[in-house]
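Presented below is the structure to which this report refers.
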Amino acid sequence: MSRAPKRLSAALPDVVGRIAPQTALAAIQLAWPKAAGDAIAAEAEPVSERQGVVTIACRSATWAEQLDLLQSDLLARLKGELGGSAEVRELRFRAGEAGLGSDPG
């Protein structure tokens, strides 16, 4: 019996979930864009995780400083998106870390 085709947009989250590395950092990186929002995710991204402390690479020192001020809110939103799939205690924001592309927009 054949099944009706699925829209690609509906199938992608399931496929990504099955092929993504099963690490805390991978879960955090997948949840970050939704937790942070498009504007912040374009300027900062998680690059490492160690014992619940996540380092976020920021495009500039200004972004790092501003996001540090928003840490409580971002941490709560990230934990909500993760739904317990990874333990996150703290976010640390650093400027100039590897990971971000050089195209500002």
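Numbering-wise, my numbering comes out as the position in the sequence shown, counting from 1, plus 6.
Note that CB positions come from ideal geometry on N, CA and C, so glycine has one too.
Just so it is clear, the structure is predicted and the values come from calculations on it, not from any experiment.
Would you list, in sequence order, the uninterrupted alpha helix (DSSP H) runs of no fewer than 4 residues that lie entirely inside the stretch 8-66? Runs of alpha helix (DSSP H) with 4 or more residues, each lying fully within the stretch 8-66, are found at 14-25, 30-42, 44-47, listed in chain order.
Helix, strand or coil, according to DSSP, for residue 98 in the structure here? Of the three classes helix, strand and coil, the one that applies to residue 98 here is strand, per DSSP.
Residue 93 by DSSP, collapsed to three states: which one? Residue 93: coil per DSSP, three-state reduction.
For residue 55 and residue 61, I'd like the C-alpha separation in whole angstroms. Rounded to whole angstroms, residue 55 to residue 61 spans 6 Å at the Cα level.
Contacts around residue 102, its chain only, beta-carbon distance under 6 Å, and the 5 residues preceding and following it disregarded: Excluding residues within five positions, none has a Cβ falling inside 6 Å.
Three-way DSSP call (helix, strand, coil) for residue 109 in this model: A caution first: residue 109 carries a pLDDT of 48, below 50, which makes its placement in the model unreliable, though a value can still be read off. Correct three-state label for residue 109: coil.
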